[in-house]
Amino acid sequence: MNSLHLVQQEVPLTWYLLLSAVLFCLGVVGFLIKRNLITVFMSIELMLNAVNLSFVTFAHQWHQVRGQIFVFFVMMVAAAEAAVGLAIIIAVFRARATLAVDRIDLMKL
Amino acid sequence: MNGPLLFLPLIPLVPFVGFLLNGLLGRRLPKALVSTIALVAPLISFLIVVHAAFLVWSGTIALPAVEQGAPEWISIGSLHVNFGSVLDPLSLVMLLIVTGVGFLIHIYSVGYMHEEEGYWRYFAYLNLFLFFMTVLVQAGNALVMFVGWEGVGLASYLLIGFWFQKTSAADAGKKAFIVNRIGDFGFLIGLFLLLANFGTLTFNEIASKIAASPAMTGGVLTAIALCLLVGATGKSAQLPLYVWLPDAMEGPTPVSALIHAATMVTAGVYMIARTHFIFDRSPFALSVVAIVGAATAIFAATIGLVQTDIKRVLAYSTVSQLGYMFLGCGVAAYSAAIFHLMTHAFFKALLFLAAGSVIHALGGEQDMRKMGGLRKKIPITFWTMSAAVFAIAGFPPLAAFFSKDAILYEAFQHGSLGKLLWFVGITTALLTSIYMFRLWYLTFFSESRDSQAHPHESSWLMLGPLVILALLSIGGGWIGMDRFGAFLAPVLGPTTDPSTAPGGKQLDLILSGLAVAVALLGLLIADRVYRRKAAIPPQDLASMPASYRLLANKYYVDEIYGFAIVKPILALSKYLLEWVVDVAILGGIAWLLAGIAMLGGAILQRWQSGNLRSYAAWLALGAAVLLAFVLAPYVFGANGINLFGAGH
Numbered sequence: 000m001n002s003l004h005l006v007q008q009e010v011p012l013t014w015y016l017l018l019s020a021v022l023f024c025l026g027v028v029g030f031l032i033k034r035n036l037i038t039v040f041m042s043i044e045l046m047l048n049a050v051n052l053s054f055v056t057f058a059h060q061w062h063q064v065r066g067q068i069f070v071f072f073v074m075m076v077a078a079a080e081a082a083v084g085l086a087i088i089i090a091v092f093r094a095r096a097t098l099a100v101d102r103i104d105l106m107k108l
Numbered sequence: 000m001n002g003p004l005l006f007l008p009l010i011p012l013v014p015f016v017g018f019l020l021n022g023l024l025g026r027r028l029p030k031a032l033v034s035t036i037a038l039v040a041p042l043i044s045f046l047i048v049v050h051a052a053f054l055v056w057s058g059t060i061a062l063p064a065v066e067q068g069a070p071e072w073i074s075i076g077s078l079h080v081n082f083g084s085v086l087d088p089l090s091l092v093m094l095l096i097v098t099g100v101g102f103l104i105h106i107y108s109v110g111y112m113h114e115e116e117g118y119w120r121y122f123a124y125l126n127l128f129l130f131f132m133t134v135l136v137q138a139g140n141a142l143v144m145f146v147g148w149e150g151v152g153l154a155s156y157l158l159i160g161f162w163f164q165k166t167s168a169a170d171a172g173k174k175a176f177i178v179n180r181i182g183d184f185g186f187l188i189g190l191f192l193l194l195a196n197f198g199t200l201t202f203n204e205i206a207s208k209i210a211a212s213p214a215m216t217g218g219v220l221t222a223i224a225l226c227l228l229v230g231a232t233g234k235s236a237q238l239p240l241y242v243w244l245p246d247a248m249e250g251p252t253p254v255s256a257l258i259h260a261a262t263m264v265t266a267g268v269y270m271i272a273r274t275h276f277i278f279d280r281s282p283f284a285l286s287v288v289a290i291v292g293a294a295t296a297i298f299a300a301t302i303g304l305v306q307t308d309i310k311r312v313l314a315y316s317t318v319s320q321l322g323y324m325f326l327g328c329g330v331a332a333y334s335a336a337i338f339h340l341m342t343h344a345f346f347k348a349l350l351f352l353a354a355g356s357v358i359h360a361l362g363g364e365q366d367m368r369k370m371g372g373l374r375k376k377i378p379i380t381f382w383t384m385s386a387a388v389f390a391i392a393g394f395p396p397l398a399a400f401f402s403k404d405a406i407l408y409e410a411f412q413h414g415s416l417g418k419l420l421w422f423v424g425i426t427t428a429l430l431t432s433i434y435m436f437r438l439w440y441l442t443f444f445s446e447s448r449d450s451q452a453h454p455h456e457s458s459w460l461m462l463g464p465l466v467i468l469a470l471l472s473i474g475g476g477w478i479g480m481d482r483f484g485a486f487l488a489p490v491l492g493p494t495t496d497p498s499t500a501p502g503g504k505q506l507d508l509i510l511s512g513l514a515v516a517v518a519l520l521g522l523l524i525a526d527r528v529y530r531r532k533a534a535i536p537p538q539d540l541a542s543m544p545a546s547y548r549l550l551a552n553k554y555y556v557d558e559i560y561g562f563a564i565v566k567p568i569l570a571l572s573k574y575l576l577e578w579v580v581d582v583a584i585l586g587g588i589a590w591l592l593a594g595i596a597m598l599g600g601a602i603l604q605r606w607q608s609g610n611l612r613s614y615a616a617w618l619a620l621g622a623a624v625l626l627a628f629v630l631a632p633y634v635f636g637a638n639g640i641n642l643f644g645a646g647h
């Protein structure tokens with residue numbers, strides 16, 4: 000317990016937050032530059048989990064449980080989103096025979 | 000109003016219903032039903048008017064009868080305009096003419112237009128005309144009168160251009176409409192002046208306001224009177240706006256009879272008589288009216304001398320006779336003018352209808368040079384037309400003798416200007432007699448000049464109205480000027496009675512004798528030239544003297560107007576209005592605005608790529624900018640927390 004306590008002392012809050020920010024930015028960049036729809040989807044998951052990390056960090060810092068509860072919410076939403084999103088991806092693939100996002104530009108008239 | 004019902008609003012409304020029925024459904028209705036609707040509507044109106052006239056004659060109602068509680072049209076501040084009908088001696092006489100002659104011409108039209116393609120359209124327009132004309136006549140205020148005034152112009156336009164596939168007919172319709180618009184402009188200015196100076200447009204109120212200020216003469220009243228006169232010259236085809244009427248002969252002949260002879264063109268005379276209290280206070284305006292009338296009378300009569308189209312002769316004759324009526328108004332003899340209006344409605348409608356019967360008999364031929372010898376072939380048309388010819392020439396005891404005589408007598412009494420006007424009038428009477436007998440001889444006497452023709456008498460649908468109008472042309476004047484004037488006196492003021500004025504009886508006899516002598520002289524001249532010498536107007540004008548060519552070309556008025564007015568306006572429209580204003584300025588502005596929008600769109604549409612990732616990128620960029628904006632004070636500010644420091 001003592002050594003764990005020491006480790007805890009040695010890793011400051013800022014590092015967690017930086018890691019969270021880096022992960023989030025990786026998610027954003029992945030979302031923006033990847034062409035495959037599934038990779039894009041995974042990038043979204045990465046962003047969500049980056050946010051989760053900052054939630055738990057703050058929850059631990061302030062000794063409050065609210066942040067932890069929020070993480071559960073986010074995970075639940077992410078699971079639902081994964082189910083719906085994958086279904087959409089399959090439907091899109093059936094319809095267009097491609098998963099390249101720049102071919103799926105139906106939002107333009 | 001108390002007492003017996005007059006149904007005044009129904010007089011215009013019934014023809015309007017006829018117009019709606021025939022105009023909307025007529026295409027699908029059988030011809031017999033179309034004719035029934037078209038005939039019943041004016042008949043009902045006529046019966047209502049006759050009923051009212053009978054009540055007046057029997058003394059059951061007193062004139063003027065003003066309709067009470069009529070629906071209000073405009074109510075702004077102190078200005079009130081309603082649709083109330085007014086029945087006074089003047090409008091009663093006019094309504095009898097309009098609905099009576101109108102009904103006869105409707106009957107005639109059933110026979111005349113039987114073969115026509117747009118039979119239902121024709122009768123719809125004809126009923127529409129009757130609606131607007133009765134609105135005009137019944138109007139108790141100048142604005143409603145203006146509505147009718149414009150409406151009859153519309154009906155006239157539609158009927159002149161009835162055969163719109165013919166370019167000349169379509170052009171004639173446009174010409175009539177545009178020339179009338181010029182006159183209407185004057186009328187409108189007159190209305191504005193009335194409104195500005197009297198604050199009302201109701202005839203009675205204006206009359207009482209003028210009567211209440213005896214000192215009010217000239218000035219603004221002259222201006223109003225002259226503006227109204229401009230309107231009247233347009234509608235009643237007086238100098239300088241008469242040019243549309245001869246061209247209006249492109250319309251069907253019954254239309255020429257109804258609109259361009261008997262009723263609509265007399266609206267100008269009616270309007271002047273209706274607003275006579277304004278003209279009475281402006282001697283200058285009255286003189287202008289008289290001079291315009293006299294000038295038009297002799298001007299048109301000279302042109303009528305050499306025309307070869309039977310309808311054109313009658314058209315110039317109409318212009319000339321309308322000039323007489325203006326002359327009568329101009330010497331303040333309004334009753335005489337209205338008297339002549341009435342007799343003219345009879346004999347000129349008859350002349351046109353008879354001419355239509357001649358044209359019908361010859362299968363559409365209108366050129367008198369190809370007629371001749373029709374006396375035996377179409378005897379009823381010949382005899383009825385003869386009645387009208389002798390009437391318009393002024394032979395006693397036919398109708399126009401009395402009315403023309405009344406106008407000339409009044410003119411002669413009207414000072415030194417009046418003597419001149421009288422002289423012009425009597426000269427015109429001579430010319431009238433000459434050109435009418437010329438028409439008579441060329442059409443009906445000697446031998447037929449067209450061997451192809453197989454003339455046949457028209458049906459009784461057409462001959463019936465001819466006979467009735469012939470009786471009216473013969474007996475219409477027997478009512479006598481003194482009784483007619485006395486009937487109209489409550490509206491138009493008392494007339495001078497030749498029998499009571501000092502020396503009036505002798506003067507009247509001398510003047511009448513002169514008028515008859517002049518009519519006889521005209522008959523003799525025409526007889527000598529066109530019967531004994533059997534002169535036929537030449538096809539080729541080059542051999543004729545210059546004066547003849549001047550008349551045959553109608554004094555080149557159309558050409559002068561074309562050169563002095565139409566061409567400059569066309570050039571102005573084309574070069575200034577079309578190219579500079581429309582194309583350069585308005586078009587330029589439109590293109591500029593369109594260009595800005597297109598450029599903006601071209602830039603903005605790049606964002607609307609439809610590509611999800613580019614949207615997300617913009618979103619991320621936006622979030623980053625927002626974040627930077629929020630955080631900047633903390634990162635760089637003096638009192639901000641240091642995120643990268645050891646904390647507190």
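Taken in sequence, the protein lines are chains F and Y. Counting from 0, one number per residue, gives the positions in the first sequence under numbering that gives the first Met the number 0. Counting from 0, one number per residue, gives the positions in the second sequence under numbering that gives the first Met the number 0. The C-beta atom is built at its ideal place from N, Cα and C for all residues, glycine as well.
Checklist line | Proximity test, Cβ basis, 9 Å: Y:A601 and chain F | finding: no
Next item on the list: Give the straight-line distance between the Cα atoms of F:L36 and F:Y15, rounded to the nearest whole angstrom.
Entry: 29 Å
Next item on the list: Please specify which runs of the alpha helix (DSSP H), each continuous and at least 4 residues long, are wholly inside the stretch 258 to 285 of chain Y, giving them in chain order.
Entry: 266 to 273, 275 to 279
Notebook entry, point to check: Are the C-beta atoms of Y:N179 and some chain F residue less than 9 Å apart?
Noted result: no
Next item on the list: Kindly identify the DSSP beta-bridge partner or partners of Y:T201.
Entry: In DSSP, Y:T201 forms a bridge with Y:N140.
Next item on the list: Tell me whether Y:H343 sits in a helix, a strand or coil according to DSSP, three-state version.
Entry: helix
Note to self: Can you confirm whether the stretch 376 to 383 of chain Y touches the stretch 456 to 474 of chain Y when touching is taken to mean that 3 or more C-beta pairs between the two stretches lie within less than 8 Å?
What the structure shows: A contact exists between the stretch 456 to 474 of chain Y and the stretch 376 to 383 of chain Y.
Note to self: Would F:F40 pass as an interface residue toward chain Y - the criterion being a Cβ-Cβ separation below 9 Å?
What the structure shows: no
Note to self: Only counting the same chain, and skipping five residues up and downstream in sequence, which positions put a Cβ closer than 8 Å to that of F:G29?
What the structure shows: T38, V39, M41, S42, L45
Checklist line | Residue environment, Y:H455, which counts as buried when at least 16 other CB atoms sit within 10 Å | finding: With fewer than 16 Cβ atoms within 10 Å of its Cβ, Y:H455 is classed as exposed.
Note to self: Just to confirm, is the Cβ distance from Y:V357 to Y:M341 under 9 Å?
What the structure shows: no
Margin query: Among Y:F283, Y:G327, Y:M263, Y:I271, whose alpha-carbon lies nearest the alpha-carbon of Y:G292?
Written below: Y:G327
Check: Sorted by chain position, which residues of the same chain lie with C-beta nearer than 7 Å to Y:L240's C-beta, five sequence neighbours on each side aside?
Finding: V178, I181, G182, T232, G233
Notebook entry, point to check: Going by C-alpha distance, which of Y:K174, Y:I73, Y:A518 is nearest Y:G561?
Noted result: Y:K174
Notebook entry, point to check: Using the C-alpha atoms, what's the distance from Y:S286 back to Y:Q451?
Noted result: 52 Å
Check: Does the stretch 156 to 164 of chain Y come close enough to the stretch 192 to 204 of chain Y to have 3 or more Cβ pairs within less than 8 Å?
Finding: no
Notebook entry, point to check: In its own chain, which residues sit with a C-beta less than 7 Å from the C-beta of Y:A306, not counting the 5 before and 5 after it?
Noted result: Strictly speaking, residue 306 of chain Y in this sequence is Gln, with Ala absent from that position. So the list reads V312, Y315, once near-sequence residues are dropped.
Next item on the list: Determine the DSSP secondary structure at Y:N552, reduced to helix, strand or coil.
Entry: coil
Item checked: Per-residue contacts from F:V27 into chain Y (C-beta, under 7 Å) -> Listed along the chain, the chain Y residues whose CB falls inside 7 Å of the CB of F:V27 are A619.
Checklist line | Cβ of F:F30 within 9 Å of any chain Y Cβ | finding: yes
Checklist line | Beta-bridge partners of Y:D366, as assigned by DSSP | finding: DSSP lists Y:D308 as partners of Y:D366.
Notebook entry, point to check: For Y:A534, which three-state DSSP category applies?
Noted result: coil
Checklist line | Under the three-state DSSP convention, the category Y:I75 falls into | finding: It is a strand residue.
Check: Run through DSSP, which three-state label would Y:L352 get?
Finding: helix
Next item on the list: Using a threshold of 9 Å, state whether the C-beta atoms of Y:Y121 and Y:S457 are closer than that.
Entry: Not in contact: Y:Y121 and Y:S457 (Cβ atoms no closer than 9 Å).
Next item on the list: Please confirm whether Y:F128 and Y:V146 have their CB atoms less than 9 Å apart.
Entry: Cβ distance not < 9 Å, so Y:F128 and Y:V146 don't count as in contact.
Item checked: Contacts that Y:A615 makes with chain F (C-beta to C-beta distance below 7 Å) -> The contacting residues are F30, L31.
Check: Is any beta-carbon of chain Y found at less than 9 Å from that of F:I103?
Finding: yes
Margin query: Against F:V100, what residues of chain Y qualify as contacts under a CB-to-CB distance less than 8 Å, listed in chain order?
Written below: N610, L611, R612
Note to self: At a threshold of 8 Å, does Y:P544 count as lining the ligand HEM (C-beta to nearest heavy atom)?
What the structure shows: This structure lacks the ligand HEM; in fact it carries no ligand of any kind.
Item checked: For Y:G68 and Y:D246, the rounded distance between their alpha carbons -> Those two C-alpha atoms are separated by around 43 Å.
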